[in-house]
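Student: Going by the UniProt record's numbering, 606 is the number at position 606 of the sequence shown; the sequence numbering is gapless.
Here it is: the structure, laid out below.
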Amino acid sequence: MSCCGGADINNESAAATSSASSKYGEPKQFDPDFHGVHKSRSCTDVICCIIFVVFLLGMIVCSIFGYARGNPVKLVYPTDSFGNLCGQGQFTDKKFLFFFDILKCAQTGAAVISLGCPTPQVCVHSCPTDYWSFVQTEVMENAARAQLTAERDKMICKYNVDPQSASKSVYQYVKDEDCAAYYVKSTPVVNRCIPSIFLDITSWSANIVYEYKGSNYTVTDARSRRFLALFYDVKEFVELVYKDILNVWWLILVGTVVAAGLCMLWLVLLRWVAGPVVWLTIALVFGLLIFGSYYSYSEYYKLKKMNATSEFGLSPAFAMNFRYYLSLKKTWLAFGCLTATIIAILLLLFLFLVKRICIAIELIKEASRYIIPMQIFMLFMLLWVLNFIVALGQTTLAGAFSSYYWAWEKPKDIPLFPVLASLHRALRYHLGSLAFGSLIIAVVQLVRVVLEYLEYKLKDAENKVAKFLIRCLKCCFWCLEKFLKFLNKNAYIMIAIHGRNFCLSAKDAFMLIMRNIVRVTVLDKLTDFLLFLSKALVTGAVFTLAFLWFKGSITYFDGYIKRPELNYYLTPVIVMEDLEMNDGSAERPYYMSKGLMKVLGKKNVHMRDPEQHSSREMTSKVSPEETSGRPLPVPNVLKLRNEESMKTVM
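Right under this line is the structure:
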């Protein structure tokens, strides 16, 4: 029995494996010609490859046609309400777009991005540099009983409208939407006139009320002021974030470099001392949680003794400062309860899964020996192409890692360029299979996108049955996508090893997983969880350093440390193949490392030397004609070789 109970785990799953063998096919038998990656291959799923190439050519043709017949300038310059490009053609001197009523853009909400702003828009020479309202001009003209040319020159109107005409009053021009009712001091943003100071215009417009013949004219009503205040809040937030970034950009850069350095250090340690690193990670996670719980309860009791209350009687509903919540004892009590609950859950999980952790450590150690970074940079926007890239990467990783795993003498039996060799096999023989698998995922993802769009359209609808069906379909297709991704990933592993087409590889992978469902499920997900803890530890360490550096000041720091593309997801499938095809005897030894054999409760009875291994390869290459009439099993060959060696020594 091993130190982590590997033999017990192996015995537990033995019954389940034997019962599942008949239902999901028989385990693979020993093949003396199998050396990890089949070199004799042929092209698979050629029809899918042709369809994929035609699809790519069609995409390129459509892109060229759209660029040649379209007008890419529209992506740079704004367009007015009449379809004219500001800054182009007859509007070369009018580069800026002016909105008659910017408030309607705010009232439209997020729909303004797709539907546009529902107000007249014209191209102007420059954005307004002052505040103006038609109310003031209307009142002044009525008081003077004459048309004021200087005041009307301030008006911004449509191209075919002359505000100096005496046929209409200023009020009539505004009512017919021929001229803007008001404008404010604006700043050009991407050639669009955007109000500069929202707070000033809010207070200014609220005080402009002219009474004329019993009617009150106001520039903005309460609703408009609310949207202007919203604009100002957004502007203030953006300015604060921008200033913070300018002040501490080098600290953010240092934090990013430190995070990358910690990740690289963790990977190096994982390569050589995986066991201690994993256990240390778990211990540090528990340490951070215990410290967080202790600190939260300490702050809670401190505030409780002080009988702290809200400053100035401010209600939590209107408190926009995070420091306010840190001054409440309820906040620290919630933090303490949350961290204590997480500690209890994780402690129970580790107590029940301590044996599995040992196996997961060996899997991580096995996978960490061959980390292969994939340098694939693609900018295509189509789902099929993106999933094809993912499929190509997974197949290349699987083939390269298989070359490493099934090599008896490392690094002698490892190909010179395993990554390039695996990539060459995938590109030469299996483009069709990869296109087929990625197409299935792309179709499901496309359906999910359509469902998301339908749900967005039905957001304001009252048909609850339709909403319920849409959400059920979303859930079903989400589950289907997760299952297909899992199946495709393992199918790509089988394609990389055996070189069969996608359907047969997916079937073989599914049967292999079902025959070893307990091992694959528990170990794969547990390894995922351990790597997640490591990622969380690195992120938490960088966050703690930044927090201590700023000494409690509130800043926005958002960093995502992507999990390295380790080969741990390949290891369970390859290990299952090794367990099914070999039994640890001299003729069928395990290819896994000694550490993994120790955890799984396996061992090689007679370890072969390199000479015996080469003799086995030579025997497997002898043609049937040469061996006809004199069968020489592998054990006899090994026996004869041993006798010859003994005679030579004597």
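All residues carry an ideal CB built from backbone N, CA and C; glycine is no exception.
What are the boundary residues of the beta strand (DSSP E) that includes His-163?
Tutor: Correcting the residue identity first, residue 163 is Pro in this sequence and not His. First-last for Pro-163: undefined, no H or E at that position.
Student: With DSSP collapsed to three states, give me the class of Ser-534.
Tutor: Residue state, collapsed to three classes: helix.
Student: Considering only their Cβ atoms, is the gap separating Leu-392 from Leu-328 smaller than 8 Å?
Tutor: Not in contact: Leu-328 and Leu-392 (Cβ atoms no closer than 8 Å).
Student: For Gln-121, report the span of its alpha helix (DSSP H) as first-last.
Tutor: Note, Gln-121: premise wrong, no alpha helix (DSSP H); beta strand (DSSP E) at 121 to 124.
Student: Excluding five sequence neighbours on each side, which residues of the same chain lie with their C-beta closer than 7 Å to the C-beta of Ala-340?
Tutor: So the qualifying residues of the chain are Ser-293.
Student: Count the CB pairs spanning the stretch 88 to 98 and the stretch 168 to 176 that are closer than 8 Å, and state whether there are at least three.
Tutor: Taking 8 Å as the limit for Cβ pairs, the verdict is that the stretch 168 to 176 does not touch the stretch 88 to 98.
Student: Ala-400 to Val-390, Cα distance in whole Å?
Tutor: So the alpha carbons of these two residues sit roughly 15 Å apart.
Student: Pick from Val-139, Ser-63, His-125, Glu-455: whose alpha carbon is nearest that of Gln-88?
Tutor: Residue His-125 is the option with its Cα nearest to Gln-88.
Student: Per DSSP, what kind of secondary structure is Phe-510 in: helix, strand or coil?
Tutor: In this structure, Phe-510 counts as helix in the three-state DSSP scheme.
Student: In the DSSP assignment, what are the bridge partners of Arg-192?
Tutor: DSSP, once it has assigned bridges, lists Leu-97, Val-189 as partnering Arg-192.
Student: Under a three-way DSSP split, which group does Tyr-182 fall into?
Tutor: Tyr-182 falls in the strand class under three-state DSSP.
Student: Go to Glu-452, then tell me how far its alpha helix (DSSP H) extends in each direction, as first and last residue.
Tutor: That run of the alpha helix (DSSP H) goes 431 to 457.
Student: Quick check on Gln-164: buried or exposed, where buried means 16 or more other Cβ atoms within 10 Å of its Cβ?
Tutor: That one is exposed.
Student: Cutting at 8 Å between CB atoms, please list the residues of its own chain near Leu-289, excluding the five before and the five after it.
Tutor: Counting only Cβ-Cβ distances below 8 Å, and skipping sequence neighbours, we find Thr-339, Ile-342, Ile-343, Leu-346.
Student: With DSSP as the reference, please indicate the residues paired to Leu-85 in a beta bridge.
Tutor: Note: Leu-85 sits in a beta bridge opposite Thr-79.
Student: Please classify Ser-298: does DSSP put it in a helix, a strand, or coil?
Tutor: In this structure, Ser-298 counts as helix in the three-state DSSP scheme.
Student: Could you give the distance in angstroms between the alpha-carbon of Tyr-183 and the alpha-carbon of Gly-437?
Tutor: Taking the straight line from one Cα to the other gives about 57 Å.
Student: For the stretch 63 to 71 and the stretch 95 to 109, state whether three or more C-beta atom pairs, one from each stretch, are separated by less than 8 Å.
Tutor: No, the stretch 63 to 71 does not touch the stretch 95 to 109.
Student: Report all residues from its chain with a CB closer than 6 Å to the CB of Glu-138; omit the five preceding and five following residues, and keep chain order.
Tutor: So the qualifying residues of the chain are Val-170, Tyr-171.
Student: Residues bridged to Trp-132 by DSSP?
Tutor: DSSP lists Tyr-183 as partners of Trp-132.
Student: Out of Leu-487, Ile-513, Arg-515, Met-514, which has the shortest C-alpha to C-alpha gap to Phe-502?
Tutor: For the residues Leu-487, Ile-513, Arg-515, Met-514, the minimum Cα distance to Phe-502 belongs to Leu-487.
Student: Once you ignore the five residues that flank Lys-304 on each side, which residues in its own chain have a CB closer than 7 Å to its CB?
Tutor: Excluding residues within five positions, the ones whose Cβ falls inside 7 Å are Lys-329.
Student: Pull up the distance between the alpha-carbon of Asn-160 and that of Asp-178, whole angstroms please.
Tutor: So the alpha carbons of these two residues sit roughly 9 Å apart.
Student: Tell me the rounded alpha-carbon separation between Val-444 and Glu-481.
Tutor: Going from the Cα of Val-444 to the Cα of Glu-481 covers about 6 Å.
Student: Compute the Euclidean distance between the alpha carbons of Ser-81 and Glu-455, then round it to the nearest angstrom.
Tutor: Using only the alpha carbons, I get a separation of about 30 Å.
Student: Using a 10 Å radius around the Cβ and a threshold of 16 neighbouring Cβ atoms, would you call Ile-245 buried or exposed?
Tutor: Flag for Ile-245 reads exposed.
Student: Determine the closest residue to Tyr-173 out of Val-285, Val-447, Glu-462, Lys-158, with distance taken between C-alpha atoms.
Tutor: With distances taken between Cα atoms, Tyr-173 lies closest to Lys-158.
Student: So, is Val-135 buried or exposed, given that buried needs 16 or more other C-beta atoms within 10 angstroms?
Tutor: Looking at its Cβ environment, which holds 16 or more other Cβ atoms inside 10 Å, Val-135 is buried.
Student: For Ser-327, does the three-state DSSP call read helix, strand or coil?
Tutor: Residue state, collapsed to three classes: coil.
Student: Return the CA-CA distance between Phe-388 and Phe-98, expressed in angstroms with no decimal places.
Tutor: Taking the straight line joining both Cα atoms gives about 45 Å.
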